[in-house]
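S.K.: Here the protein sequences line up with chains Y and X, keeping their order. Its first residue numbered 1436, the first sequence is counted upward by one per residue in the numbering used here. Its first residue numbered 39, the second sequence is counted upward by one per residue in the numbering used here.
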Amino acid sequence: MLNRKGIFKGLLTEVGFVTIFIGCLYIINLVMAR
Amino acid sequence: MMKKLSKEFDDLKIINYYVGYIILCIAVLMIIPIITSLLFKEKNTAVDFIISINIALITGFLLVFAGNKSCKKFEWKHGLIVSSLSWIILMVLCAVPYYLSGNVKSFLDACFDVMSGFTTTGLVLTQDIDHLSYGFNMWRHMLTFIGGQGMVVLALTFFVKDTVGAYKMYVGEGKDIEILPNVKNTARVIWIISMIYLAVGTFALWIDGLIIGLKPISSFFHGLFIFMSAWSTGGFAPMSQNMLYYHSFSYEVLTIIFFIIGSFNFGLHYAIWQGNRNEIVKNIETQSFFITATITSLLAVMGLSKLGVYPNAVAMFRKVVYNVLSAHTTTGFANVYARQFALEWGDFGVFILIIAMLIGGSACSTAGGFKGLRVGIVFKGIIADIKNSLRSERQVKVYMFHYMKDLVLEDGLVRSAACIIICYIVMFTIATALGCYYGYPLASSAFEAASVSGNVGLSIGVTSPSMPTLMKIYYIIAMYLGRLEFVSVFALIGFIFGGAKRLCRRYSVR
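Pasting the structure below:
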């Protein structure tokens, strides 16, 4: 089952990964929308 | 003769028992909006919910007493029918507070909004949303949160003691992933993950709400409602302007993070939280999602850049990429007015949104649409077929894909994925044709049809209280079919027609 350390690291992984994806989309958008 | 008749009714008794139990579980949850209404001194709302909870509890108890869980072995058909039937009965019971509130034109509109909430679609027929009570808003957003997780999952987690047939009911609700060997534990894990994110997400949105100028209590409830909607990829919002109300880039970015994470498979969440962090990159669904989300976002940006609708790149990201991601995850949050899609986005932009809405999110998540898993499987199946046709007949190649673990790409898997996609396309086509029949333009009809079929919730202006009744009924059916992914609903229809046929045969023999 789940433990506190796993939950914390899992949350950070998911939020971090999605934030990086959004960041990449933002940068690509900045280039494309010129 | 009586013995034969009583055997026929054994199926009904088992179904009654479990449907009754699920209804009791959801009825008890009406206590939450009652408490919210009392805290805010909203007496009329509290009375509406007290009446509704009594009606639901009486219905639930009657069904449980009329039922019998041990008269027959619990079979697959019972699980599928319990899931599909409980959704219909709950739609009617949960529509009672809507109707009593006076904010809907008719009981059909109330049922539409409830089904929209349960299926995490987000299309709205409720009027004067900006002045709804806190208690009523709590109920609206709870419907998406419960519907996203699943009523059966909720009942299994907290209320159903025995596990006989539990897995069959769980699958009947459109989920099939076994996170843990025991389905009750799987249901509990789904709720644990959701509640932890609810705490984290509400806190983050609460703080951001304070920063953008909302009052503390208002910010908390807006954060809670928006998170419940984002996580369940529902699309309901406490204000009629939806995300446009907040006029905040940071609020929009937070919602993007939460609705993308909300569109992920619960099995993926569990795998990552167990320490298998590479799963987020290796999984076929996340790969499929990130590829299609990037392509659709870029195409939409290219299309709208040509039209010159938005003045700069930041506006383009906020208005275009935001709505494309909202469509793709089937959330339905919008930060443009509905008519702007039709008037400013042009045919190409609307077309990209339709494709994004139909592709949808991940399987065994709160998202709708074809699902990334099926798109990935069918795409890999096509590539495999092309490679096989070019290969020598004596060579045998086994194709694999990664979905929590490495799996063989079998023909049966590709076929069943393709069948479900075809069902979605048929449903979408009928909805589009219906819209055109009633005089809506083709692009608008197709947009709304994709929104309904994929349980998205973005609107181009077709969905309104003045919409034709037949369209409202069809949209309810489409949202329901899309969420339960057809099989359990077909089982319910088969059961009803089969029972009617047997009764007619019995009376004609006499």
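Positions of the beta carbon are idealized from the N, C-alpha and C atoms, including for glycine.
#1: Within the 8 Å Cβ cut-off, does I1457(Y) reach chain X?
#2: Give the DSSP bridge partners of K443(X), in chain order.
#3: What alpha helix (DSSP H) runs, 4 residues minimum, are completely inside the stretch 218-293 of chain X?
#4: What is the DSSP secondary structure of G525(X), reduced to helix, strand or coil?
#5: Let me confirm a value: G81(X) is counted as buried when at least 16 other C-beta atoms fall within 10 Å, else exposed. Which label applies?
#6: Going by beta-carbon coordinates alone, are L252(X) and H260(X) separated by less than 8 Å?
#7: If I measure Cβ to Cβ from C474(X) and keep anything under 7 Å in the same chain, skipping five residues before and after, which residues do I get?
#8: Take the Cβ of H169(X) as the centre, count every other Cβ of all protein chains shown within 10 Å, and call the residue buried at 16 or more, exposed below.
#9: Kindly provide the ranges of any alpha helix (DSSP H) runs that are 4 or more residues long and lie completely inside the stretch 414-484 of chain X, ordered along the chain.
#10: Return the CA-CA distance between G273(X) and A380(X), expressed in angstroms with no decimal places.
#11: For the alpha helix (DSSP H) containing A394(X), list its first residue and its last residue.
#12: Given a threshold of 16 other Cβ atoms within 10 Å of its Cβ, counted over all protein chains shown, does C1459(Y) qualify as buried or as exposed?
#13: Secondary structure at E486(X), three-state DSSP: helix, strand or coil?
#14: Alpha carbon to alpha carbon, how far is E431(X) from G414(X)?
#15: In chain Y, which residues lie less than 9 Å from F259(X) when you measure between Cβ atoms?
#16: M354(X) touches chain Y at which residues, Cβ-Cβ below 7 Å?
#17: Compare the C-alpha of G155(X) against each of L282(X), S526(X), R543(X) and F174(X) and name the closest.
#18: Under a three-way DSSP split, which group does R543(X) fall into?
#19: When we look at the beta-carbon of H285(X) and count the other beta-carbons within 10 Å, is it buried (16 or more) or exposed?
#20: From W114(X) to L345(X), what does the alpha carbon distance come to, in whole angstroms?
#21: For V362(X), tell me which candidate among L95(X), E382(X), F287(X) and I392(X) has the shortest Cα-Cα distance.
#22: Can you give me the start and stop residues for the alpha helix (DSSP H) that H307(X) sits inside?
#23: My understanding is that F265(X) touches G239(X), with C-beta atoms under 8 Å, so please give their C-beta distance in whole angstroms.
#24: Just the C-alpha distance for I460(X) and L472(X), rounded to the nearest angstrom, thanks.
#25: By the three-class DSSP mapping on this structure, what secondary structure does A405(X) have?
#26: Using a Cβ-Cβ cutoff of less than 6 Å, which residues in the same chain neighbour F150(X) once the five nearest sequence positions on both sides are dropped?
#27: Would V563(X) pass as an interface residue toward chain Y - the criterion being a Cβ-Cβ separation below 8 Å?
#28: If you follow the alpha helix (DSSP H) that M354(X) is part of, which residue opens it and which one closes it?
#29: Does any CB atom of chain Y fall closer than 8 Å to the CB of T332(X)?
M.R.: Quick answer:
#1: yes
#2: Y441(X)
#3: 221-249 and 254-269
#4: Going by the sequence as given, residue 525(X) is Val instead of Gly. Looking at V525(X) - three-state DSSP - the assignment turns out to be helix.
#5: Note that residue 81(X) is Lys in the sequence shown here, rather than Gly. Burial call: exposed.
#6: yes
#7: L480 and S483
#8: exposed
#9: With a minimum length of 4 residues, the continuous alpha helix (DSSP H) runs that stay inside the stretch 414-484 of chain X are 449-475.
#10: 19 Å
#11: G384 to I397
#12: exposed
#13: helix
#14: 26 Å
#15: By Cβ distance, chain Y contributes nothing, its closest Cβ being about 23 Å from F259(X), past 9 Å.
#16: N1464 and A1468
#17: F174(X)
#18: helix
#19: exposed
#20: 53 Å
#21: I392(X)
#22: F304 to W311
#23: 4 Å
#24: I460(X) and L472(X): Cα-Cα distance of roughly 18 Å.
#25: coil
#26: L163, K510 and I514
#27: With chain X covering only 39 through 548, there is no way to say anything about residue 563(X).
#28: A351 to M354
#29: Judged by the 8 Å Cβ criterion, T332(X) is in contact with chain Y.
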